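If you read the sequences in order, they're chains A and B.
Take the first sequence: its letter number 89 is residue 88 in numbering that gives the first Met the number 0, and every next letter is one higher.
Take the second sequence: its letter number 258 is residue 257 in numbering that gives the first Met the number 0, and every next letter is one higher.
Beta carbons are placed, not taken as given, at the ideal position from N, Cα and C, and that holds for glycine.
Just so we're clear, the structure is a prediction, and the values are computed from it rather than from any experiment.
First up is the structure itself, then whatever we jot down about it.
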Amino acid sequence: MKRRLFQFFMAFYLYKKRHPKRVMTFLVFIVVPLATGLILGYEMSSNVATAIPTVVVDHDHSDFSRSVIEYVDQSNYFNVVEEAQNDERVEAALYDRAAYVGLIIPENFYSDMREGKAPKILTVYDGSSLAVISSSKSAMSEILLTLKAGYMIKVYEGKMSIAPASVRNHAVPIDATYRLLFNPTRNFRNFILPGMLAALIQVGIACMGAERASETRGKGLAFSEHLMIILKWGSLGAVSIALTLTEQYLLFDMPYRGTILGGTAMTVLFSCVVFSIGYLAGSILSDRMFASQVAAVIVLPSTILGGYTWPVLAMPPFFQAFARIIPFYYYGNTIRDLCLKELAFRHILPDLQILVIFGVVLIALLYLIKRKEVQA
Amino acid sequence: MKRLIELIMKYKPPIILILVPIGFTLLFGAAMSPIFVDDIPIAILDLDQSEQSREIIRDFEACNVFDITEYAESSEQIKEEILLGKIKGALILPAGFEADVAGRKGAKALMLMDGSNFLVGNNLMLYANKIFTAKNTELQVADLEAGGMLPAVSEDAINTLTLADRALYNPQLGYFYYLYPGLLGVFVQQTYLNVIAPILLKEKQRLKRMPLDRIARKIRPKEMAPLIVQYAAMTFVGALACMLIVHGLFAYPLNGNLALTLLIQVLFLAGLTGVAFVLAAIFDDVTHCTQFVMFLAIPSMLSCGYGWPEFMMASGFAKVMKAVWPLYYYANPLKELMLKGAGFESIAPFIIGGALFAAFWMPAGMWIYRQKIRTMKQIEEEVQNNIERG
Numbered sequence: 000m001k002r003r004l005f006q007f008f009m010a011f012y013l014y015k016k017r018h019p020k021r022v023m024t025f026l027v028f029i030v031v032p033l034a035t036g037l038i039l040g041y042e043m044s045s046n047v048a049t050a051i052p053t054v055v056v057d058h059d060h061s062d063f064s065r066s067v068i069e070y071v072d073q074s075n076y077f078n079v080v081e082e083a084q085n086d087e088r089v090e091a092a093l094y095d096r097a098a099y100v101g102l103i104i105p106e107n108f109y110s111d112m113r114e115g116k117a118p119k120i121l122t123v124y125d126g127s128s129l130a131v132i133s134s135s136k137s138a139m140s141e142i143l144l145t146l147k148a149g150y151m152i153k154v155y156e157g158k159m160s161i162a163p164a165s166v167r168n169h170a171v172p173i174d175a176t177y178r179l180l181f182n183p184t185r186n187f188r189n190f191i192l193p194g195m196l197a198a199l200i201q202v203g204i205a206c207m208g209a210e211r212a213s214e215t216r217g218k219g220l221a222f223s224e225h226l227m228i229i230l231k232w233g234s235l236g237a238v239s240i241a242l243t244l245t246e247q248y249l250l251f252d253m254p255y256r257g258t259i260l261g262g263t264a265m266t267v268l269f270s271c272v273v274f275s276i277g278y279l280a281g282s283i284l285s286d287r288m289f290a291s292q293v294a295a296v297i298v299l300p301s302t303i304l305g306g307y308t309w310p311v312l313a314m315p316p317f318f319q320a321f322a323r324i325i326p327f328y329y330y331g332n333t334i335r336d337l338c339l340k341e342l343a344f345r346h347i348l349p350d351l352q353i354l355v356i357f358g359v360v361l362i363a364l365l366y367l368i369k370r371k372e373v374q375a
Numbered sequence: 000m001k002r003l004i005e006l007i008m009k010y011k012p013p014i015i016l017i018l019v020p021i022g023f024t025l026l027f028g029a030a031m032s033p034i035f036v037d038d039i040p041i042a043i044l045d046l047d048q049s050e051q052s053r054e055i056i057r058d059f060e061a062c063n064v065f066d067i068t069e070y071a072e073s074s075e076q077i078k079e080e081i082l083l084g085k086i087k088g089a090l091i092l093p094a095g096f097e098a099d100v101a102g103r104k105g106a107k108a109l110m111l112m113d114g115s116n117f118l119v120g121n122n123l124m125l126y127a128n129k130i131f132t133a134k135n136t137e138l139q140v141a142d143l144e145a146g147g148m149l150p151a152v153s154e155d156a157i158n159t160l161t162l163a164d165r166a167l168y169n170p171q172l173g174y175f176y177y178l179y180p181g182l183l184g185v186f187v188q189q190t191y192l193n194v195i196a197p198i199l200l201k202e203k204q205r206l207k208r209m210p211l212d213r214i215a216r217k218i219r220p221k222e223m224a225p226l227i228v229q230y231a232a233m234t235f236v237g238a239l240a241c242m243l244i245v246h247g248l249f250a251y252p253l254n255g256n257l258a259l260t261l262l263i264q265v266l267f268l269a270g271l272t273g274v275a276f277v278l279a280a281i282f283d284d285v286t287h288c289t290q291f292v293m294f295l296a297i298p299s300m301l302s303c304g305y306g307w308p309e310f311m312m313a314s315g316f317a318k319v320m321k322a323v324w325p326l327y328y329y330a331n332p333l334k335e336l337m338l339k340g341a342g343f344e345s346i347a348p349f350i351i352g353g354a355l356f357a358a359f360w361m362p363a364g365m366w367i368y369r370q371k372i373r374t375m376k377q378i379e380e381e382v383q384n385n386i387e388r389g
């Protein structure tokens, strides 16, 4: 058994030694992206924040206050983990991460409500966990709005003698509907993973670009051969992105609603552009490892600076302008949109055109560098 | 250019360990320094063209969150503009809006929001809701007063069952405030692994050249220990500088105890050193190892319980994640320290977990590293023997 294991390692080790490029390509374009997609997809299986640990303090102890707590507890979003005796305990529970939301019902809440004294329910959130807050705030508002609508209907029926049929129109004079398009359930996995997985793979694509450039350095290749390398490896990178998104689609119900042709064109172009960035770094820097590090460092921050989570429109003007020279700015949001929205080819055409410009500029720069190399 | 590159190569470890985190801190801090998402482009489709609808639109115009970039002609146009990404939402006021409001006939209004980015969609919803709630309150007060209710009583009736909310530790719900400790954790992790793993790989190459029987004796990296400690100290200097920068430039709270911050960082670096041994065992090429390390930033950040908290993770995931990667034991308590000013008791589970992680992975990593060198040596000797035997 030990011998067999040794022979297996030996075969793998010798294969890796003979074909380091093949092994690394398989690792970078297949193993790491698919494994990451599997890990993150499984991690976020619940898709949205549910059963948020909640601590409640009921100073009123009325049937109504108990029904409010029950209503909150029965909602999918909240899980009442503790009924505390005082307000300080709410803060302590949030401090210790025993709960993320606190609900405090004041003393005489029900009697004040009946007397029309406008008692308020206090909700306390742990501001350090934004993913939880975004769900819990809107869920808590919805619960309270439902309760309030019921209360207002009673006020209008009782005090204004308005007919039951039209009382709701008085209680809610303007019935505003809020429609969250494309991701109505606030599915966190669909929001975060399409672009983040592409961002992960772009690191590998850029590193591969630097690596290939180091290999071809000083070999006197014709410029068309460099272009073929970019096209070939850029396409491999695109296959990697496509495989990873397909994995999400097949295993984790991630939608893909947009144009497949447009998505393919966008992915191939993006991958070629990122590969070219790495290829340029590898052509300029003679140290192979340093070139890989530089290529990765150039593309890594683009996840944030390209506005994938914190939107570019909220950034200061300098960063808004800066984002426009980041390829991921055009690709990250578009690939998420292609997953979530029914985008046609014409909708992504402006972004495609810009990626083409990126490609042309990078190839022109590469041409200048390679010409210099040949002259030297 | 050549001299600059030479200079960078000469001082590469301190540059990576101190200057790179500082550079990213400045970059991300400045990019995310506005706390609120304002001026979100939206369209208005006013099919009523009445005084009432214009009043609602004026409220939207007056709100900083909305930037009305278009007055649309049809809902198809709105749909197209949203798909093109030109607008992030739209307010649609139907024909007969004013008459329905005046007659209390259940006037409708529709707010569309592009939900593909939560931060944008949620902000639109929150502020549109505020405007409509205020408008409804105004109309309800008028109704109740017209029904003979005293103004103060009617206002109380309307304000009953409202929520007063308070967010602790990050009252303005700033995205950078929330994200930064996690980012700093990733900076520390990436820079440290980028410097340490290549050193271990070089040592591996040196050890591989030694005779097989001497490997076991020489494996303990006594020469490397001072170097690792030196780089760990640089990492701490870099992290501390970053914290002071975010505090000074971006008003980030620094509520925690410095000794506890140092403790979680020491444990994190010890755990990372164990991981670095494993990486150095797996890879034989320094560049390939470095490339792999670059891959770790995004998955480790997304799986360490920072963005997606532990209680929301799929069953069994947290246990495995905590057993194989140490970022959980650093990024989460760092947030607790910086934002909440957490004490020892509060972050004790992270400290104990981080210590156990390091206690297991340091020797385990070294054992794997040593085994890999022995195996490599045995393989190469066997290959040599096979060649000699013909």
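Sequence-distant residues of the same chain with beta carbon closer than 8 Å to residue 171/A, five excluded per side: Cβ neighbours of residue 171/A beyond the five flanking positions: 148 and 151.
Interface partners of residue 393/B on chain A, CB under 8 Å: Since the first and last residues shown for chain B are 0 and 389, residue 393/B lies out of range.
Residue 35/B - DSSP class collapsed to helix/strand/coil: Correct three-state label for residue 35/B: coil.
Extent of the continuous beta strand (DSSP E) run through residue 90/B: Residues 88-92.
Residue 135/B beta carbon less than 8 Å from that of residue 289/B: No, the pair does not count as a contact, with Cβ atoms beyond the cut-off.
Residue 55/A - containing beta strand (DSSP E), residue span: It spans 51-57 - the beta strand (DSSP E) in which residue 55/A sits, taken as one unbroken run.
Sub-8 Å separation of residue 190/B and residue 19/B beta-carbons: Contact flag set, yes.
Residues that residue 311/B contacts on chain A, provided the C-beta gap is smaller than 7 Å: Ordered by position in chain A, the residues that pass the 7 Å Cβ test against residue 311/B are 45 and 48.
CB contact below 8 Å: residue 85/A versus chain B: Chain B contact via Cβ: absent.
Three-state secondary structure assigned by DSSP to residue 222/A: Look at residue 222/A here: in three-state DSSP terms it is helix.
Residue-level contact to chain B via CB, residue 72/A, 8 Å cutoff: With 8 Å as the cut-off, residue 72/A does not count as an interface residue toward chain B.
Completely contained alpha helix (DSSP H) runs for the segment 43-115 of chain A, where each covers 4 or more residues: Those alpha helix (DSSP H) runs which fall completely within the segment 43-115 of chain A and span 4+ residues are 62-73, 86-94 and 108-113.
Same chain, Cβ closer than 7 Å to residue 355/A, five either side skipped, listed in chain order: Within the same chain, residue 355/A has close Cβ partners 268.
Assigned exposure category for residue 14/A - 16 Cβ within 10 Å defines buried: Of the residues assessed, residue 14/A falls on the exposed side of the cut-off, its CB having fewer than 16 other CB atoms within 10 angstroms.
Residue 108/B (DSSP reduced to helix, strand or coil): Residue 108/B sits in a strand when the DSSP states are folded into three classes.
DSSP three-state assignment for residue 248/A, whether helix, strand or coil: Correct three-state label for residue 248/A: helix.
Residue 325/B and residue 249/B closer than 8 Å at C-beta: No, these two residues do not count as a Cβ contact at 8 Å.
Cβ contact check for the segment 365-374 of chain A and the segment 332-351 of chain A: 3 or more pairs under 8 Å: Note that the segment 365-374 of chain A does not touch the segment 332-351 of chain A; fewer than 3 beta-carbon pairs, one per stretch, sit closer than 8 Å.
Helix, strand or coil at residue 29/A according to DSSP, with G and I counted as helix: Residue 29/A: helix per DSSP, three-state reduction.
Between the CA atoms of residue 214/A and residue 324/A - distance to the nearest angstrom: The straight-line gap from Cα to Cα measures roughly 28 Å.
Where residue 276/A sits in the DSSP three-state scheme: Helix at residue 276/A.
Nearest-angstrom beta carbon gap, residue 139/B and residue 96/B [assumed within contact, 8 Å]: Between residue 139/B and residue 96/B the Cβ distance is about 17 Å, and since that is not below 8 Å, they are no contact.
Proximity to residue 206/A [Cα-Cα], best of 196/A, 122/A, 288/A and 131/A: Closest in alpha carbon position to residue 206/A, among 196/A, 122/A, 288/A and 131/A, is 288/A.
Check whether residue 177/B and residue 129/A have beta carbons under 8 Å apart: Result yes, Cβ atoms of residue 177/B and residue 129/A sit closer than 8 Å.
Of the residues 212/A, 249/A and 202/A, the one placed nearest residue 41/A, counting alpha carbons only: Residue 249/A holds the alpha-carbon nearest to the alpha-carbon of residue 41/A among 212/A, 249/A and 202/A.
Closest Cα partner of residue 365/A within the set 137/A, 86/A, 65/A and 209/A: Answer by Cα proximity: 209/A.
Residue-chain proximity (residue 342/A, chain B), Cβ-Cβ < 8 Å: Chain B, which has a Cβ nearer than 8 Å to the Cβ of residue 342/A, makes this yes.
Exposure label - residue 153/A; buried when at least 16 CB within 10 Å: Burial state of residue 153/A is exposed, judged by a 10 Å Cβ sphere holding fewer than 16 other Cβ atoms.
First through last residue of the beta strand (DSSP E) which encompasses residue 67/B: 65-70 is the extent of the beta strand (DSSP E) around residue 67/B.
beta-carbon residue 261/B near the ligand FAD non-hydrogen atom, thresh 7 Å: With respect to small molecules bound, the structure shown includes none, and the ligand FAD cannot be examined in it.
7 Å Cβ cut-off: residues of chain B touching residue 323/A: Chain B residues near residue 323/A: none, gap ~14 Å exceeds 7 Å.
Cα-Cα separation between residue 93/A and residue 11/A, rounded to whole angstroms: Between the C-alpha atoms of residue 93/A and residue 11/A there is a straight-line separation of about 51 Å.
Bounding residues of the alpha helix (DSSP H) (the contiguous stretch that carries residue 374/B): Here the alpha helix (DSSP H) through residue 374/B covers 343-388.
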